[in-house]
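Novice: Sharing a structure, written as structure tokens. Questions coming.
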Amino acid sequence: MSLDYRNPKLILDTSDHPQGSVTWVSPSNLAIVKYWGKHGRQLPRNPSISLTLDHAATTTTLHYHRREEVGGEPVSLELFFAGHPAPDFARRIKAYLQSILEIYPFLGQLHLVMHTDNSFPHSSGIASSASAMSALTLGLCSLERHFFDTLDDSSAFLQKASYLARLASGSASRSVYPWMAAWGQHGDIEGSSDEYAVPFGDRLHPSFRTIRNAILIVSSGTKAVSSSAGHELMDTHPYAPTRYIQAGQRLSRLIPALEQGDWATFGQIAENEALTLHALMMASNPSYILMKPGSLALIDRIRTFRQETGYSVYFSLDAGPNLHVLYPEDQAEAVEAFLHQECIPLCEEEYWIADRAGEGPREIIG
Ligand code: PMV
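Each residue of the sequence shown is one higher than the last, beginning at 5 in the numbering used here.
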């Protein structure tokens with residue numbers, strides 16, 4: 005049964021004149037089994053699972069006060085990114101807030117000033133929509149809780165934040181949970197749903213809770229083809245039906261590996277998924293390539309290092325050229341020595357980010 009969060013009762017009384025702010029820090033995530041292809045309103049064609057990052061995060065503050073004017077635009081919003089007005093981003097957020105007015109009618113009664121910033125540089129080539137949209141929707145749920153004394157149960161709070169984040173950007177639904185989260189119905193994950201993500205951290209073998217993720221920046225340029233365009237190309241992709249089945253099967257194999265600490269299976273699936281995502285792009289019509297020569301050079305070095313040393317070091321890719329290197333904490337010293345020697349010199353301006361599995365979003369009070 006599908007969830008219906010529409011609620012005309014979430015409206016402020018005429019006598020209510022709330023004023024204040026809420027702030028959330030929410031991380032980005034890296035999918036191990038990828039979501040690629042959607043239908044309806046941001047519903048996934050296949051289940052996915054991701055690692056919640058720690059350092060790569062967005063901080064968003066929503067200042068609010070009661071809107072005095074009547075009429076005008078359905079939502080009143082000013083948006084500042086890294087301290088500067090960001091009109092394109094503001095338009096996108098405004099359209100999103102308007103699209104959820106039936107869920108949160110009180111949004112039409114407020115003037116919102118949103119300040120948002122990322123912990124990673126804008127030009128780092130790291131997709132920020134998962135962290136940005138989850139930070140926003142966690143803030144919206146805080147407003148609901150504050151105004152109406154609802155959502156005091158933390159799982160209900162996070163489920164709603166995840167649902168709302170999904171409506172903004174599919175992968176953002178997974179960022180609300182610590183360590184790892186799964187989104188999309190799958191028989192081996194109880195409670196899983198296409199409408200929101202569910203936490204997976206409790207099922208993880210300890211060695212995956214402390215997993216390291218070095219992000220190697222190959223190119224910080226804007227992507228030639230956006231993720232939304234990429235999802236759309238899956239609608240007519242000749243390999244799409246097989247791909248959707250494959251994702252579910254890979255998740256079935258990945259789950260016991262994550263529970264048992266089986267790094268070899270985990271790594272094989274992570275790498276296959278990354279390359280499958282990019283293979284789908286290359287086989288789309290029109291075809292496109294987001295990897296750069298540097299991405300392939302790094303993949304080659306990582307595989308050679310693994311073969312020569314036996315270390316559990318694997319790679320993944322998002323929808324872009326940058327490499328995510330995955331390795332266990334107890335091998336971090338040796339792997340990072342290798343990264344410094346052989347990989348970081350190949351990065352754009354030798355830029356990389358040392359990240360790891362994280363505890364999930366947090367609200368900043370006060
Ligand atoms: O959430 P979107 O629409 O930006 O799509 C993200 C898709 C991938 O990052 C490539 C895979 C994933 O599952 O996060």
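C-beta: ideal position from N, C-alpha, C; glycine also.
In this text, all values refer to a predicted model and were calculated from it rather than measured experimentally.
1. Give a yes or no on whether the C-beta atoms belonging to residue 294 and residue 325 are separated by under 8 Å.
2. The alpha helix (DSSP H) that contains residue 171, what's its start and end?
3. Just verifying my parser: in three-state terms, what is the DSSP assignment at residue 13?
4. Given a threshold of 16 other Cβ atoms within 10 Å of its Cβ, counted over all protein chains shown, does residue 64 qualify as buried or as exposed?
5. List the DSSP bridge partners of residue 285.
6. Within the same chain, show all residues whose beta-carbon is closer than 7 Å to that of residue 306, passing over the 5 residues directly before and after it, in chain order.
7. Might you give, ordered along the chain, the residues of its own chain that have their beta carbon closer than 8 Å to the beta carbon of residue 192, omitting 5 neighbours on each side?
8. Is the beta carbon of residue 201 sitting closer than 8 Å to the one on residue 137?
9. Report yes if the C-beta distance between residue 31 and residue 362 is below 8 Å; otherwise report no.
10. Quick check: the Cα distance between residue 262 and residue 20, rounded to an integer number of angstroms?
11. Apart from the five residues on each side of it in sequence, which residues of its chain come closer than 7 Å, Cβ to Cβ, to residue 34?
12. From residue 170 to residue 142, what does the alpha carbon distance come to, in whole angstroms?
13. Using the Cα positions of residue 237 and residue 168, report the straight-line distance between them to the nearest angstrom.
14. Please name the residue, chosen from 82, 140, 15 and 123, that lies closest to residue 115 on a Cα-to-Cα basis.
15. At which residues does the beta strand (DSSP E) containing residue 248 begin and terminate?
16. Could you round the C-beta distance between residue 62 and residue 139 to whole angstroms and report it? I think they count as a contact, below 8 Å.
17. Which runs of the beta strand (DSSP E) spanning at least 3 residues fall entirely within the stretch 268 to 328, listed in chain order?
18. Since residue 350 contacts residue 298 with CB under 8 Å, what's their CB separation in whole angstroms?
19. Does the count of Cβ pairs from the stretch 36 to 52 and the stretch 177 to 191 closer than 8 Å reach three?
20. Quick one: what's got a C-beta closer than 8 Å to residue 199's C-beta in the same chain, skipping five residues either side?
21. Report, in whole angstroms, the separation of the C-beta atoms of residue 59 and residue 133, which I expect to be a contact under 8 Å.
22. So, under 8 Å CB-CB, residue 79 and residue 101 are touching, yes? Tell me the CB distance rounded to an integer number of Å.
23. Taking 7 Å as the cut-off, is the beta-carbon of residue 39 closer than that to any non-hydrogen atom of the ligand PMV?
24. Judging by CA-CA distance, which residue of 151, 50 and 26 is the nearest neighbour of residue 246?
25. Which first and last residues belong to the alpha helix (DSSP H) in which residue 357 is found?
26. Quick one: residues in its chain with C-beta nearer than 6 Å to the C-beta of residue 67, no 5 flanking neighbours on either side, listed in chain order?
27. Can you look up residue 126 in the DSSP assignment and give me helix, strand or coil?
28. Does the ligand PMV have even one heavy atom less than 7 Å from the beta-carbon of residue 235?
29. Please check the pair residue 355 and residue 221, which I expect to be a contact at CB under 8 Å, by giving their CB distance rounded to whole angstroms.
30. Alpha carbon to alpha carbon, how far is residue 240 from residue 272? Give it in angstroms, no decimals.
31. Quick check: residue 209 and residue 264, are their CB atoms within less than 8 Å of each other?
32. Could you check what DSSP says for residue 189 in three-state terms: helix, strand or coil?
33. Once DSSP output is grouped into helix, strand and coil, what is the label at residue 85?
Specialist: The relevant details are as follows:
1. yes
2. 158 to 172
3. coil
4. buried
5. Looking at the DSSP assignment, residue 285 forms no beta bridge with any residue, so it has no partner.
6. 317, 319 and 329
7. 255, 256 and 259
8. no
9. yes
10. 49 Å
11. 54, 55, 57, 217, 320, 322 and 328
12. 12 Å
13. 24 Å
14. 82
15. Note, residue 248: premise wrong, no beta strand (DSSP E); alpha helix (DSSP H) at 244 to 264.
16. 5 Å
17. 318 to 321
18. 6 Å
19. yes
20. 6, 7, 47, 167 and 170
21. Residue 59 to residue 133, Cβ: 17 Å. No contact.
22. 4 Å
23. yes
24. 50
25. That residue, residue 357, is in no alpha helix (DSSP H); its beta strand (DSSP E) goes 356 to 360.
26. 25 and 117
27. helix
28. yes
29. 4 Å
30. 28 Å
31. yes
32. coil
33. strand
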